[in-house]
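Below is one structure; the comments refer to it alone.
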Amino acid sequence: MFADLHLHTNFSDGTYTPEELTAQGKRFGFRALALSDHDTVEGCVRMATACSAADIEFIPATELTAELDGNELHLLGYFIDTTNAKLLVELARFQEVRQNRIREMVARIQNLNVPLREETVFEIANCRAPGRPHVARALVKAGLCKNLDEAFERFLKKDRPAWVPKFKMSAPQAVELIHHAGGLAVMAHPGLNNCDDLIPALAECGLDGLECYHTKHAAAQAYHYQKIAEQLGLLVTGGSDCHGLSKGRPLIGGVKLPYWRVEEMKKLLAKRVTRPTQANLQSAT
Ligand code: AMP
Ligand code: FE
Ligand code: FE
Ligand code: ZN
């Protein structure tokens, strides 16, 4: 029994719909799937329905971009309440920033005499949480770049001419927001962030786990992060980070987290649920 806890749909920068993603998960025999779209939980309702019909356990999640000591890192929030008011307000704010960032990126590309239209990007994105992959797809569709790699290399990678920094919440604030929404906070793909030295401080701030298994982690890296997780008493999670067909071959099926790791996550959550206080009990009667 296995789980994939890092997946994207077309509600952010993936290409699969929640139903298509669920069907892929079923094909690989997953027991549990988590949808972790960037800065949105909109796909979770449909994914939950599709998973339920396919007899797969669904875990609502999101992937937030955060910052610590000048480093960008991604935080996954698992088992969040997707109706939590504060979470939804913050996500709406991130989405607005993302949309403005697209406008800024397109303006910079136009300044280089590359005639990309803003509408082309928004049509392709067709979601509230657009990102660089949508700009890249629009550049390819408009015949302005040969492929996505060229779009990132010429324009979109960090420090390339159309790269616009993303507003980032501080990592401790992101952990707090995830906890406020009843979730577990997990550092995504630490092997891609180059900030191992920040993990102990984040653990002090309440970080719950490390995504040790990830498509881009070599076996030695997965082992390395498992050791760190063990030392700091953090959960071990994993996922493919599948974006559908956007990057060639879909990645789902490539990372299989043993299901007992999901049970460990649920045990920690169950411990955290606050016992009803006397006042709560009285108001309930
Ligand atoms: P954004 O959130 O808008 O900064 O875009 C980040 C997303 O772009 C990541 O989640 C990846 O899906 C994708 N990405 C980042 N770098 C590259 C690259 N060099 N080639 C293709 N996709 C990339
Ligand atoms: Fe992405
Ligand atoms: Fe990420
Ligand atoms: Zn991701």
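Residue numbering for the sequence shown follows the working numbering, starting at 502 and increasing by one per position. Note that the Cβ used here is the ideal one computed from N, Cα and C, for glycine as well.
Under the three-state reduction of DSSP output, G692 falls in the helix class. By a beta-carbon distance limit of 8 angstroms, H539 contacts E564. Their separation comes to about 5 angstroms. In the DSSP annotation of this structure, the continuous segment of the beta strand (DSSP E) that includes G740 starts and ends at 736-740. Remark: C-beta atoms of A551 and L508 do not approach each other more closely than 8 angstroms. Near ligand 4, meaning a Cβ closer than 7 angstroms to any of its heavy atoms, lie the following residues in chain order: H507, H509, S537, H539, E564, H575, A689, D742.
Beta-bridge pairing by DSSP links A535 to I560. One Cα belongs to V763, the other to A554, and the distance between them is close to 20 angstroms. In the three-state DSSP reduction, L733 falls in the helix class (H, G or I). Under DSSP, C743 takes part in a beta bridge, and its partners are L508. Sorting L708, G754, T584 by C-alpha distance to the C-alpha of A675 places L708 at the top. Comparing C-alpha distances from C743 to each of F503, M502, G526 shows the shortest one belongs to G526. Excluding five sequence positions before and after L703, the CB atoms of its chain that fall closer than 8 angstroms to its own CB belong to L569, A672, P673, V676, M688, given in chain order.
Rounded to the nearest whole angstrom, the CA to CA distance from A719 to L758 is 15 angstroms. In this structure, the C-beta of D514 approaches ligand 2 to less than 7 angstroms from one of its heavy atoms.
Here the C-alpha atom of L574 lies approximately 27 angstroms from the C-alpha atom of V774. Residues T510, F512, P519, L536, D538 of the same chain have their beta carbon placed closer than 7 angstroms to that of G544, with the five preceding and five following residues left out of the count. Boundaries around G710 are those of the beta strand (DSSP E), 710-715, since no alpha helix (DSSP H) includes it. Taking C-beta atoms under 8 angstroms as the contact rule, A524 and Y760 fail to qualify, at a distance of about 20 angstroms. In the DSSP annotation of this structure, the continuous segment of the beta strand (DSSP E) that includes H575 starts and ends at 572-579.
The Cβ atoms of K669 and T566 sit closer than 8 angstroms to each other. With a cut-off of 7 angstroms, the C-beta of P561 is classified as distant from ligand 2, since no heavy atom of the ligand falls inside that distance. Of all C-beta pairs linking the region 606-619 to the region 631-646, three or more are shorter than 8 angstroms, placing the two stretches in contact. Residue pairing by DSSP puts V687 in a beta bridge opposite L577, G710.
In the DSSP annotation of this structure, the continuous segment of the alpha helix (DSSP H) that includes C545 starts and ends at 545-554. In the three-state reduction of the DSSP assignment, F653 falls in the helix class. Classified as buried, R633 has 16 or more neighbouring CB atoms from the shown chains inside 10 Å of its CB.
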